[in-house]
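In terms of my numbering, the sequence shown opens at residue 16 and continues consecutively. Glycine included, each C-beta is placed from N, C-alpha and C at the ideal position. Note sheet for the following structure.
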Amino acid sequence: MHRLRPYNRFLSPFLTIMFCLLVGRTEIYPWLSDIALDLLFNIRGTAETSQSIVIVGVDEHSLKKLGAWPFDRRVHGRLLGKLKQATAIGFDILFDRPAVGDEYFRRVVSESPPVSVAIAGDYNGRMIFPSPSLGSKIKKGHIETILGTAGRVKQVVLKPPHGFPVLALSVYGEDAVSSWSNLFEPRIINFYGPEFTFLYVSYADVLSGEIKPEFFKDRYVLVGARARALGDVHLIPFSRKYPLPGVEVQATILNNLLEESFLQPLSWLNYLYILVIFLIALIVWPGGRVRRNLLVLLLCGGIISLVAIAGFHGGLFIDPSIPLFVLLTAYTFHLVVQGFWVARELVAEIKWLEKQLKEGVEQVYETLPTVFQKKKGQSGGYWSGGLRNHLFVMQESIRALTLQHHFVNHLLSKETPPLALWEKGSGEMVLTNTSFTSFWNEVSGNKAALPGFEEFLSFLSEKQPEDEKNEVLQLDSLLAHGDRVVDIDLLQGGWKRYCRVLLHGVDNPVSCFHGILASFTDVTEIKELERLKGEVMNIVSHELKLPLTTILGYGEMLTVSLENDEKMYAEEICSQSRRLGKMIEDFLDIARVESGRYKINRFPLDMLSVVYDAKSAIEHMADTKDIDLVIKVPHRVTPILGDEPLLTQAILNLLDNAVKFSPKKSRVVFSMSEQEEHLLLSVRDEGPGVAFADRKRIFQKFSRGEVQPEEKGFGLGLSFVKQVVDGHEGSIEVVSGNEGGSEFVMILPK
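What follows is the structure in structure tokens.
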């Protein structure tokens, strides 16, 4: 929790007041209030209506039986004759025009209980009154209501400034409410339920006598349109599938008058709520924990809602929308203000963490990898030099430290070869991976204790091959000349295994740690391949060369003694024997270089001498095909370190290939240039070229390009060249196109 500042307490209440005042200039509060009122009605549910109110509705049955609307005034007069025992009668119908039957209707009215008819205002604000032909005994009442923001009927003014009461009050009688105050102010209508909540009878049934006149005794009767096709319908809070007819709205108002059950607003309680909310925002929330503040928020919201529901059941409308809105607004601004100060302290913490991370990265890395270095022109985004920039630096530092973590984790994972780390001074094991534990349990017995370094050295000495056991492994002199490699033999599961153990010193001046890391590599397959390779070389060297020499000797003798076709056959035998012999020599040379038996001796040498030696060896072959062999070399070059015989043979192989695959009377060019750190050699011919797909494959053993003439070969010459160049830490590649000859470029370091 950040340290509370004095002005922090007042900031969120002040922002809440300003925001709520701004919202008060919009229609949001009335809209919220209407939503709250609708919810309270639906939570309360339907209520029981007075049985002293009856609605005589002009429904679809009445229209079908009595004809089109409006009905003849004589029909209404006949209806009044059926309602003589009622307390009062109200027509929610406009009789604004004279009509046939007005005289009859006026006479029946004079013999009936008090009759009220509807008046209403038009779009120009003028009142629409009943026709004077109806007489003066008819009472008048308006049918206008006040709608909410959603178009639902919400309030009614019992006696507006024009002086005529609402129709329901006209039916009820103004004298009954003479003691009421504020008749000119809107009152919230207390609805009882959806359509058909009140007693209802059909206009046609009353007229036909199906409903006895005694049914209406001492009851208030309201007559109005009930058929939806007549259009006199209104939305109320209970409206779902169908709206409420206007006559039923008047019945609801009349019921409110009878029971004095209009909803009474309790506005002063909302002011008390708002005062308490501001005290909470000023005193409780600034110093509280998040959970406690949230609990206070929920508790206050629950109390406001429960009081509103309970009050609504008692006929009080305690609008919960505004207090809840203020409560949520105050808490939101409290969170915003708190978040602002927390963000400021977070930035300070981020700066401190950034400093610690950068120091940690500098301790881990001598040079930060380029992928983690901030690129030129890269800024902190929206807040240059601000939070985004600090987060970026932290992110890159964390990535750099994560790289180290992944590196160590990779070394110690079970997928890697066995690894173990000992402290040099004590000889105690510090770290090991799963592979080493499994390996040691296998060679030393199940669940054997992991060895100290002295025990481990004894194990290595015991498992060394017989020809190396005369060399004693001692800790003091073990790593005197750098890393140490020890080969050991193991017998596991009846099979002999070969392992190569690398002992490497680990020194960390920062942590003052000095240790020895041992890593194991299983070289069983390599040893087996070396053995098989040696056997093959012996077979090729002894078992093939002797018969081949014999064949060549007898063949040369036959070429001297034979004539004509027989002599030609003998010469072909000699040619193919020499070719096979050359292949055997190339194969043995490559095998010796690959196996390491032929050690590359790197001494200073003059490459000009090497080039001219190779040229001399190939000149006869070039002259035979009338090929112009061009040598483009500088007068002198810096001596390089290399094996002269191997390099001579490699260049000779390149020239031999160029001459062999070039057409007669063409040109082969050898060039050499000296660069700052290497020599660049190239051999270019005018042969068929090398396909792009073959440029890497032709350096493999027994591989030849697809585009080639009838020249024969085994595909060993270029493989030998590649082995020699790799042994000198150089490179070779084909850089020419598919057509117009080929060019081999060889790079040798100085």
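Give me the DSSP bridge partner(s) of residue i.
i	result
residue 96	Looking at the DSSP assignment, residue 96 forms no beta bridge with any residue, so it has no partner.
residue 523	528
residue 279	331
residue 619	656
residue 748	760
residue 239	72, 107
residue 517	500, 534
Would you mind reading off the limits of the alpha helix (DSSP H) that contains residue i?
i	result
residue 741	732-742
residue 50	43-59
residue 179	First-last for residue 179: undefined, no H or E at that position.
residue 134	Counting along the chain, residue 134 falls outside any alpha helix (DSSP H), though it belongs to the beta strand (DSSP E) covering 130-136.
residue 191	Unbroken run through residue 191: none, as it is neither H nor E.
residue 215	First-last for residue 215: 214-217, but that is the beta strand (DSSP E), not the alpha helix (DSSP H).
residue 477	468-478
residue 273	261-274
Rank the options by C-alpha distance to the C-alpha of residue i and give the top, closest one.
i	options	result
residue 629	331, 646, 172, 256	646
residue 231	214, 303, 534	214
residue 528	446, 474, 503, 584	446
residue 54	449, 259, 252	252
residue 695	686, 506, 30	686
residue 29	347, 112, 106	347
residue 173	155, 164, 163, 639	155
residue 442	195, 472, 643, 540	472
residue 146	638, 458, 116	116
residue 50	269, 638, 168	168
residue 666	505, 697, 201	697
residue 542	746, 504, 198	504
residue 123	139, 96, 134	96
residue 652	675, 670, 522, 622	622
residue 465	481, 440, 434	434
residue 130	101, 142, 144	101
residue 353	374, 296, 338, 311	296
residue 598	576, 574, 563, 569	563
residue 707	634, 467, 749, 436	749
residue 68	187, 516, 219	187
What number of angstroms, rounded off, separates the C-alpha of residue i from the C-alpha of residue j?
i	j	result
residue 281	residue 366	54 angstroms
residue 319	residue 40	24 angstroms
residue 764	residue 512	39 angstroms
residue 299	residue 340	19 angstroms
residue 644	residue 735	22 angstroms
residue 742	residue 477	35 angstroms
residue 34	residue 322	26 angstroms
residue 746	residue 740	6 angstroms
residue 25	residue 360	20 angstroms
residue 201	residue 76	36 angstroms
residue 160	residue 170	6 angstroms
residue 584	residue 592	12 angstroms
residue 566	residue 578	19 angstroms
residue 532	residue 371	29 angstroms
residue 216	residue 349	59 angstroms
residue 632	residue 674	12 angstroms
residue 197	residue 175	10 angstroms
Just to confirm the assignment, what range does the beta strand (DSSP E) spanning residue i have?
i	result
residue 536	528-537
residue 447	444-447
residue 170	168-172
residue 685	682-689
residue 697	693-699
residue 438	434-438
According to DSSP, simplified to helix, strand and coil, what is residue i?
i	result
residue 572	helix
residue 198	coil
residue 346	helix
residue 65	coil
residue 643	strand
residue 154	strand
residue 115	coil
residue 23	helix
residue 320	helix
residue 84	coil
residue 31	helix
residue 203	strand
residue 248	strand
Could you confirm whether any beta carbon from chain E is found closer than 7 angstroms to the beta carbon of residue i?
i	result
residue 439	In summary, chain E is missing from the structure at hand, where a single protein chain is found.
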